[in-house]
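*Asks:*
Numbering (our numbering), first residue to last: 1 to 141.
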């Protein structure tokens, strides 16, 4: 123990970078890097980190609450396609298939008659004849 330690009231220790240095007064350590530390057992109870709970969204609008209810009950809902009867599933499937088929046929069914329509109205420009099919397909979109 040195005279300097006795004057200060005992041996001094400094904790830096998780290491404890004994008799740090004899070492050349800048004061900005030396920090006094206490063990975590000396901390008051209020210094413990707060407990975090799972956050749940707060539904503020009527539509959001209705959507949440729909999602929660969708497994047993009659709106769920998995709960439909076989006949309803087939009706929906055939409706979608026929709609796609009819729109495709409708766009090409007038192509063979383009020349007859052009002759009847006295149009010789082929580009005008193609407009019949073009506008039908654009109308579908």
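Heads up, the beta-carbon is just placed ideally off N, CA and C, and yes, glycines get one too.
The structure presented is a predicted model; accordingly, all values stated were derived computationally and were not measured.
(1) Where do the N-terminal and C-terminal ends of the alpha helix (DSSP H) with residue 129 fall, by residue?
(2) Hey, which unbroken runs of the alpha helix (DSSP H) at 4 residues or more fall wholly within the region 39-114?
(3) Quick one: is residue 139 buried, meaning 16 or more other Cβ sit within 10 Å of its Cβ, or exposed?
(4) Which of the three DSSP states is assigned to residue 123 in this structure?
(5) Where residue 88 and residue 103 are concerned, what is the direct C-alpha to C-alpha distance, given to the nearest angstrom?
(6) Quick check on this structure: which residue in 119, 85, 136 and 96 has the alpha carbon closest to the alpha carbon of residue 110?
(7) Mark residue 122 as exposed unless 16 or more other C-beta atoms lie within 10 angstroms of its C-beta, in which case mark it buried.
(8) Which word fits residue 141, buried or exposed, when buried means at least 16 other C-beta atoms lie within 10 angstroms of its C-beta?
(9) Quick check on residue 129: buried or exposed, where buried means 16 or more other Cβ atoms within 10 Å of its Cβ?
*Replies:* Put simply:
(1) 126-140
(2) The DSSP assignment places complete alpha helix (DSSP H) segments of no fewer than 4 residues inside the region 39-114 at 62-72 and 86-109, in order along the chain.
(3) If you draw a 10 Å sphere on the C-beta of residue 139, you find fewer than 16 other C-beta atoms in it, and that means exposed.
(4) coil
(5) 23 Å
(6) Its Cα nearest to that of residue 110, the residue 136 stands out among 119, 85, 136 and 96.
(7) exposed
(8) exposed
(9) Buried, since its Cβ has 16 or more Cβ neighbours within 10 Å.
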